[in-house]
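Read top to bottom, the protein sequences are chains A and B.
For the first sequence, the numbering used here gives the first residue as -9, with consecutive numbering after it.
For the second sequence, the numbering used here gives the first residue as 4, with consecutive numbering after it.
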Amino acid sequence: MLADRYLAPTSAVRSTLGYLIVPVQWASSIPGRLGLWAEESAMSHSSLLEDNNRLRLESLVLKQKVQQMIALRAENNRLRELLNTSEQLDDEILVAELIGVDPDPYTHHIIINKGSSHGVFVGQPILDAQGLMGQVIEVLPYTSRVLLVADSNHAIPVQVNRNGVRAIAVGSGRLDELNLIYVPDTADIQVGDQLVSSGLGSRYPKGYPLGEIIQVEHDPGQPFAQVLAKPSAYLDRSRYVLLVFSMESELPSVMAIQEAPQ
Amino acid sequence: MIRAYVVILPTFFVALVLAVFPMANLLDYIRPEWVAMTLIFWVLVSPGKAGIFLGFSMGLLLDVLHGEILGLNALALSILAYLCMLLHSRMRLYNTVQQSFLIFVLIGLYLLVRFWVESIVMGQGKSALLWPSLGSAIIWPLWYSLLFSVRRYFRA
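Structure, rendered in structure tokens:
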């Protein structure tokens, strides 16, 4: 056990055993998938048509936004070039399906159906359609384990979207709450502010939404303000998640600054 | 011998599935230790076939399944198997209620070993000892009779 904690080679044993575990995980996810299948097959023709129409409209709107995005990104990159910072690249994503939730009620881990054979790596950020969900902490051949942002062992550097005030969001152990720690009483943070990942710590890419401030409390007896945020990702509901292969190098590297003409 | 394992291993498969099966939030706190209970059963009824090695290998699988440090459950289940081998002749004479009580103690010990080792290695452990043991003790008569009829049906 000490070997597992401090040595690397046991990960080979782990991934070999991981092959044996695959049928167990598969079997434990049967009822969920069965429910989904039943729901899909019981849908009426008209509601499917309705869905289809709605999605078509949505896709049209999104396409229009993408057109704008292209121009804006080009402009942004040109401005970045002027500032001598590195170019912002698109993140590549991979869609994964949630196949299990850790049975331990004191941790918030989920199991997804993509693993090292799909290129998943430890530390990879996970999103759903609403915002950041967490990061990969263990990779097996066909599955991997994700630590959710609400786990009490998880912390993420964030900034307020409105004014760029930086803070650290720590999981509270409850799925609907995050604590912002070390926030000075004078910091300009208000209820309703959006939090986005700041990209500091170079684990999460910059600019993905994390949550919304729901409570700010100034207690004169405490050295810091007590700030609570609500995660925007559906941590307990999302079935499909996105694995981000981050391509951007956000911070201008030291080399680039040195090479820049004075 | 091989015939026995053809029956034993599928029951462990079911136990492993039950160990990670998604359950309602409150039920999660008293989730019985299915794998440990299955191990106790097999050591109880056929100590010649099931033993420490079986406990060790199932423990390794459980470790990978739960994403815990490798060897944690393996050690705890090996110790549990050893304890059961010491106790099995006495335990067979007990009635259901007495057996359930013993299961409560055994599962509690298993969780305690796990907690100790985890807190030594990781610096912190999951301290849920009481409720899972209680859940196991409650479900034991049912699980016992189920496994017993499986065993008799397949004459393992």
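Yeah, the Cβ is synthetic: ideal placement off N, Cα and C, and Gly gets one too.
Query: Could you tell me the distance, in whole angstroms, from the CA atom of residue 10/A to the CA atom of residue 147/A?; Result: 37 Å
Query: Quick check: is the beta carbon of residue 41/A nearer than 8 Å to any beta carbon in chain B?; Result: no
Query: Answer yes or no: do residue 100/A and residue 38/A have a C-beta to C-beta separation smaller than 8 Å?; Result: no
Query: So which residues on chain D does residue 25/B lean against when the C-beta distance must stay under 9 Å?; Result: No chain D appears in the structure shown, which is made up of the protein chains A and B.
Query: So the alpha helix (DSSP H) residue 99/A belongs to, where does it begin and stop?; Result: First-last for residue 99/A: 99 to 102, but that is the beta strand (DSSP E), not the alpha helix (DSSP H).
Query: My guess is that residue 34/B and residue 26/B are in contact by the Cβ rule of under 8 Å, so how many angstroms apart are they, rounded?; Result: 6 Å
Query: If we ignore side chains and look at the alpha-carbon of each, how far apart do residue 250/A and residue 164/A end up?; Result: In this predicted model, residue 250/A has a pLDDT of only 45, less than 50, meaning its place in the structure is not dependable enough to derive any value.
Query: Let's test the definition: count the other Cβ atoms within 10 Å of the Cβ of residue 156/B and tell me whether it reaches 16, buried, or not, exposed.; Result: exposed
Query: I need the straight-line Cα distance from residue 29/B to residue 98/A, nearest angstrom please.; Result: 15 Å
Query: Can you name, in chain order, every residue of its own chain whose Cβ lies under 8 Å from the Cβ of residue 63/B, other than the five neighbours on each side?; Result: 73, 74, 76, 77
Query: Among 60/A, 200/A, 104/A, which residue has its Cα nearest to the Cα of residue 124/A?; Result: 200/A
Query: Kindly indicate if chain B contains any beta-carbon less than 8 Å away from that of residue 65/A.; Result: no
Query: For residue 87/B and residue 100/B, I'd like the C-alpha separation in whole angstroms.; Result: 17 Å
Query: Could you pull out every residue in the same chain whose Cβ sits closer than 6 Å to the Cβ of residue 152/B, ignoring the five residues on either side in sequence?; Result: none
Query: Residue 55/B and residue 84/B look like a contact to me (Cβ under 8 Å); what is the Cβ gap, rounded to whole Å?; Result: 5 Å
Query: Buried or exposed: which applies to residue 69/B, given that a residue is buried once 16 or more other Cβ atoms fall within 10 Å of its Cβ?; Result: buried
Query: Report the partner residues of residue 181/A according to the DSSP bridge assignment.; Result: Note: residue 181/A sits in no beta bridge, so no partner.
Query: For residue 217/A, does the count of other Cβ atoms within 10 angstroms reach 16, so buried, or fall short, so exposed?; Result: buried
Query: Measuring CA to CA, which of 42/B, 108/B, 67/B is closest to residue 127/A?; Result: 67/B
Query: Smallest Cα separation from residue 93/B: which of 48/B, 16/B, 122/B, 71/B?; Result: 48/B
Query: In its own chain, which residues sit with a C-beta less than 6 Å from the C-beta of residue 156/A, not counting the 5 before and 5 after it?; Result: 149, 188
Query: Judging by CA-CA distance, which residue of 143/B, 61/B, 140/B, 125/B is the nearest neighbour of residue 38/B?; Result: 61/B
Query: Between which two residues does the alpha helix (DSSP H) holding residue 127/B run?; Result: It is not in any alpha helix (DSSP H) - residue 127/B carries neither H nor E in the DSSP assignment.
Query: CA-CA distance, residue 53/A and residue 45/A?; Result: 12 Å
Query: Using the beta-carbon of each residue, which ones in chain B are nearer than 7 Å to residue 8/A?; Result: 67
Query: Between 68/A, 63/A, 64/A, 116/A, which lies nearest to residue 86/A when the distance is taken from Cα to Cα?; Result: 116/A
Query: Quick one: what's residue 98/B bridged to in DSSP?; Result: BP columns for residue 98/B are empty, so no partner.
Query: Can you tell me whether DSSP reads residue 200/A as helix, strand or coil?; Result: strand
Query: Check whether the Cβ atoms of residue 114/A and residue 233/A lie closer than 8 Å to each other.; Result: yes
Query: How many angstroms separate the CA atom of residue 71/B from the CA atom of residue 211/A?; Result: 39 Å
Query: What are the start and end residues of the alpha helix (DSSP H) that includes residue 34/B?; Result: No alpha helix (DSSP H) holds residue 34/B; DSSP gives it neither H nor E.
Query: Count the other C-beta atoms from every protein chain shown that fall within 10 angstroms of the C-beta of residue 4/A, then say buried if there are 16 or more, exposed otherwise.; Result: buried
Query: Which two residues bound the contiguous alpha helix (DSSP H) that contains residue 61/B?; Result: 55 to 69
Query: Are the C-beta atoms of residue 34/B and some chain A residue less than 8 Å apart?; Result: yes
Query: How is residue 89/A classed by DSSP in three states: helix, strand or coil?; Result: strand
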